[in-house]
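Take the sequence shown: its position 121, counted from the start at 1, is 121 in UniProt numbering, and no numbers get skipped. Built from N, CA and C at the ideal position, the CB exists for glycine as well. I have placed the structure first, in the form of structure tokens, so that the comments after it can refer back to it.
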Amino acid sequence: MLPAAPEASRSWHPDLPGVDEVLHARFTDHAYPLHSHGTWTVLLVDRGLVRYRLGRHERSAGGRAVTVLPPHVAHDGRSARSGRSFTKRVLYLRPERLGLDLVGPAVDGSTLADPALVRAVADLHQALVAPAGDLEAEALLAAVVDGVAAGLGVRSTGVEPASSEAAEALRAHLDADLAARHRLDDVAVRLGWSTTHLIRSFTDEYGLPPHRYLVGRRVEAARRLLLEGVPASQVAVDVGFYDQAHLTRHFRQHLATSPARYQRSRAA
């Protein structure tokens with residue numbers, strides 16, 4: 001959350017490979033001078049309207065659209081309405097996550113009004129602010145990268161069709177150690193498929209993405225331990241949640257009750 005002030009910003013380096021920095025900001029009078037980044041800039045303007053110059057083009061950012069600014073291309077930025085503030089959320093992605101072959105298409109068309117992409121970017125920001133669990137942010141980042149590439153008119157060639165083999169391999173990997181801190185990119189390399197292929201195959205096969213499957217399995221494991229009398233704080237650690245609050249949040253979502261109340265019910 002940003003402070004209730006005319007101008008405020010918050011930035012951090014997330015624990016997510018491929019994302020250099022996250023920025024949430026609200027500006028009124030601030031105007032960015034002409035500059036460039038070594039990263040891809042993926043921008044959501046949540047409130048207000050931003051005018052910016054990208055190369056030789058003068059454009060606007062705002063509304064229900066994602067703005068994509070390529071690395072090493074000069075741009076500036078300011079509120080489109082004098083004295084009116086704008087609120088934005090920005091992902092700075094490592095250049096290799098999208099590739100330099102998309103720089104030209106991004107300069108030609110930096111505004112992507114795809115509702116699914118807007119939702120994926122917003123969901124990724126939410127996951128980075130309040131993590132729901134490992135795998136979620138990686139899966140959302142993969143969706144953002146795919147959505148940006150598709151929006152810029154670049155479709156992956158030789159896309160692997162979803163496969164039961166890949167889905168089953170990923171499920172077996174997750175089931176083997178529910179409490180581990182899983183990284184989809186690492187798992188993909190180990191299993192020999194791309195991250196996107198694993199996510200798509202898993203979702204097609206089981207009807208939910210890997211991170212939601214993992215959360216459900218952890219809640220299931222937590223139920224067993226709670227009924228055995230293990231304290232909730234220890235259960236959270238044993239099944240892979242960050243802490244007891246993290247366990248409680250997901251436990252309520254799945255069972256409409258708290259771990260403590262669920263544990264007390266075993267004596268009833």
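Taking a contact to require three or more Cβ pairs closer than 8 angstroms, the segment 171-181 and the segment 202-219 qualify as touching. Residue environment for R64: exposed (fewer than 16 other C-beta atoms within 10 angstroms of its C-beta).
The bridge partners DSSP lists for R78 are R51. Comparing alpha carbon positions, the residue from A116, L225 and Y213 closest to H173 is Y213. When the five nearest sequence neighbours on each side are left out, the beta carbons in the same chain lying within less than 6 angstroms of the beta carbon of E205 are those of S164 and A167, in order along the chain. A straight-line Cα-Cα distance of about 46 angstroms links L34 and L247. Exclusion of the five residues before and after S36 leaves P71, H72, V73, A74 and H75 as the residues of its chain whose Cβ lies within less than 8 angstroms of its Cβ. By the Cβ criterion, the segment 145-153 is in contact with the segment 115-122, since at least three pairs of Cβ atoms, one from each stretch, lie closer than 8 angstroms. In this structure, the beta-carbon distance from P210 to L170 falls below 8 angstroms. The three-state reading of DSSP puts H72 in coil, since its state is none of H, G, I, E or B. The Cβ neighbour count for H182, taken over all protein chains shown within 10 Å, is at least 16; the residue is labelled buried. Between the alpha carbons of G207 and R261 lies a gap of roughly 30 angstroms.
In this structure, DSSP gives H57 an extended state, which the three-state scheme calls strand.
Under the three-state reduction of DSSP output, L178 falls in the coil class, being neither helix nor strand.
Cβ-Cβ separation between R51 and R89: approximately 18 angstroms, too far for a contact (criterion under 8 angstroms). By the neighbour-count definition (other C-beta atoms within 10 Å, threshold 16), S201 is a buried residue.
Its chain contains L184, T195, T196 and I199 as the residues whose beta carbon lies nearer than 8 angstroms to that of A142, once the 5 sequence neighbours on both sides are disregarded; these appear in chain order. Burial check for Y92: the Cβ neighbour count within 10 Å reaches 16 or more, so the residue is buried. Taken atom to atom, the span from the alpha-carbon of R264 to that of V121 is near 40 angstroms. Of the residues V103, W193 and L135, the one whose Cα lies closest to the Cα of A162 is W193.
Per the coordinates, the alpha-carbon of L16 lies some 7 angstroms from the alpha-carbon of E138. Under the 10 Å beta carbon count, D146 is surrounded by 16 or more other beta carbons and is classified as buried.
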